[in-house]
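Numbering (this note's numbering), first residue to last: 26 to 452.
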């Protein structure tokens with residue numbers, strides 16, 4: 026049995042223990058398992074798309090990074106639409122499983138049809154992954170009150186589970202990268218997405234919505250809303266395909282949408298008459314600004330850093346060739362190991378009276394990612410005569426970036442829950 030099969034089989038056996046858990050724990054544990062599987066396909070595309078486009082399909086560096094940039098932009102941009110659809114036009118679990126089915130179709134198309142299937146495959150995958158990421162967060166959110174002290178820990182563990190999926194995805198991607206066997210790699214991604222669909226079906230009764238606007242609607246209202254949601258998704262796939270092909274136009278559109286989103290949030294902030302609620306919205310704007318700076322730097326990894334590692338870094342360690350995707354697993358190890366440790370450490374420090382608040386964590390995350398990128402020019406300064414940089418500097422960079430991610434990302438999800446009322450949450 027290969028490592029990927031052992032991983033999948035092991036998770037199914039672990040899932041059997043869910044019968045012994047309380048209802049709240051059942052939902053959290055179910056979502057952790059589903060999250061792990063659902064990450065596999067994204068991990069493969071995230072770490073391999075640029076290398077696949079340049080090495081296998083013959084794209085230029087510029088064209089490959091543009092595609093990756095559009096891929097990243099619309100994946101995260103569609104989270105907003107997913108937040109609007111989930112809980113309003115269809116339940117979060119319905120939207121999630123539909124999104125995973127689209128990802129299965131997308132990865133299969135890329136695997137089987139090569140360059141002709143690339144844009145349609147990415148369109149299906151992006152529509153699915155972009156819409157359903159918020160679903161898991163919102164299904165988990167509904168299990169906790171804003172002042173529940175266990176909320177942050179639940180998000181940290183769920184985030185660690187997601188990164189376990191990244192670890193397996195990156196490991197398998199690197200293995201097939203060294204073999205230049207991209208078809209088998211994308212078929213693995215297809216099977217990983219399919220496993221997430223099956224896991225969702227198994228845990229279906231544990232992850233239903235509890236507090237969304239769709240709860241309590243009549244069957245007729247539910248069917249009408251569901252039909253509208255399906256129509257939106259059906260229209261979205263060809264639109265995304267067009268935007269992937271028209272990269273220059275898409276770049277301008279991303280900027281325009283970003284400005285529109287900022288103005289919308291600003292308008293929502295200004296319209297509140299209650300000072301307390303307006304203060305929460307201002308806090309969210311600060312959160313969004315810090316996140317924007319952090320993730321703008323962080324998203325260089327699957328683009329410039331992948332090509333940098335492939336061409337300008339000595340990737341041979343003791344005679345063993347390290348694949349570029351495996352370097353990204355440094356991030357995963359730090360998150361998987363550090364997530365629970367950080368939750369435990371912060372709980373102990375707070376119990377002793379130390380004020381480990383959200384602004385401090387966000388500020389520290391920016392310091393860490395800045396230090397991480399400073400390690401790269403330091404490595405270039407100490408390159409060998411052939412201009413190759415030691416892999417040590419890249420490893421240090423990823424460790425520092427990962428600590429920054431751990432400080433900002435799961436905490437941001439948890440803080441959003443505590444900042445906003447049920448009527449404002451995107452579900």
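Cβ atoms here follow ideal geometry from the backbone N, Cα and C, with glycine treated the same way.
Compare the beta carbon distance of residue i and residue j with 8 Å and say whether it is the shorter of the two.
i           : j           : result
residue 190 : residue 159 : no
residue 56  : residue 163 : no
residue 221 : residue 59  : yes
residue 419 : residue 405 : no
residue 131 : residue 147 : yes
residue 315 : residue 401 : no
residue 349 : residue 335 : yes
residue 239 : residue 113 : yes
residue 79  : residue 89  : yes
residue 265 : residue 151 : yes
residue 424 : residue 355 : yes
residue 311 : residue 214 : no
Could you compute how far the alpha carbon of residue i sits from the alpha carbon of residue j?
i           : j           : result
residue 367 : residue 61  : 20 Å
residue 289 : residue 379 : 36 Å
residue 371 : residue 358 : 19 Å
residue 295 : residue 342 : 56 Å
residue 447 : residue 361 : Unreliable placement is indicated for residue 447, whose pLDDT of 44 sits below 50; the coordinate value is still reported in the next sentence. Whole-angstrom Cα-Cα distance: 30 Å.
residue 40  : residue 51  : The predicted model places residue 40 with a pLDDT of 47, which falls under 50 and marks its position as unreliable; any figure quoted below should be read in that light. Rounded to the nearest angstrom, the two C-alpha atoms are 10 Å apart.
residue 154 : residue 386 : 28 Å
residue 96  : residue 211 : 16 Å
residue 433 : residue 388 : 9 Å
residue 257 : residue 223 : 24 Å
residue 194 : residue 137 : 19 Å
residue 228 : residue 71  : 27 Å
residue 73  : residue 279 : 23 Å
residue 234 : residue 115 : 10 Å
residue 252 : residue 206 : 40 Å
residue 263 : residue 407 : 48 Å
residue 395 : residue 322 : 9 Å
residue 344 : residue 417 : 15 Å
residue 149 : residue 175 : 36 Å
residue 449 : residue 411 : At residue 449 the pLDDT is 44, less than 50, meaning the model places this residue with poor confidence and gives no usable figure here.
residue 285 : residue 135 : 33 Å
residue 216 : residue 303 : 46 Å
residue 403 : residue 202 : 28 Å
residue 330 : residue 324 : 9 Å
residue 104 : residue 337 : 34 Å
residue 100 : residue 107 : 10 Å
residue 126 : residue 409 : 48 Å
residue 398 : residue 377 : 34 Å
Here's a check: name, in chain order, each residue in its chain whose Cβ is nearer than 6 Å to the Cβ of residue i, leaving out the five neighbours to either side.
i           : result
residue 121 : 157, 160
residue 192 : 354, 357
residue 64  : 187, 190, 191
residue 313 : none
residue 254 : 110, 114, 115
residue 169 : 176
residue 43  : With a pLDDT of 47 at residue 43, under the threshold of 50, the modelled position of this residue cannot be trusted, and the question is left open.
Who are the near neighbours of residue i in its chain, counting only those whose CB is closer than 8 Å to its CB and skipping five residues on each side?
i           : result
residue 242 : 250
residue 364 : 181, 182, 184, 185, 188, 431, 435
residue 318 : 391
residue 282 : 102
residue 144 : 266, 269, 270
residue 346 : 203, 340
residue 277 : none
Ends of the alpha helix (DSSP H) at residue i?
i           : result
residue 112 : Element bounds for residue 112: n/a, residue is neither H nor E.
residue 354 : 354–376
residue 219 : 207–227
residue 239 : First-last for residue 239: undefined, no H or E at that position.
residue 283 : 272–296
residue 403 : 383–406
residue 148 : 117–166
residue 337 : 331–337
Assuming residue i and residue j make a contact with CB atoms under 8 Å, what is their CB distance in whole Å?
i           : j           : result
residue 351 : residue 199 : 4 Å
residue 393 : residue 428 : 5 Å
residue 140 : residue 204 : That pair is no contact at about 20 Å.
residue 374 : residue 75  : The Cβ separation is near 40 Å, so there is no contact.
residue 236 : residue 167 : 5 Å
residue 91  : residue 272 : 5 Å
residue 261 : residue 129 : Their Cβ separation, rounded to whole angstroms, is 17 Å, which puts residue 261 and residue 129 out of contact at 8 Å.
Apart from the five residues on each side of it in sequence, which residues of its chain come closer than 7 Å, Cβ to Cβ, to residue i?
i           : result
residue 307 : 294
residue 297 : 303, 306
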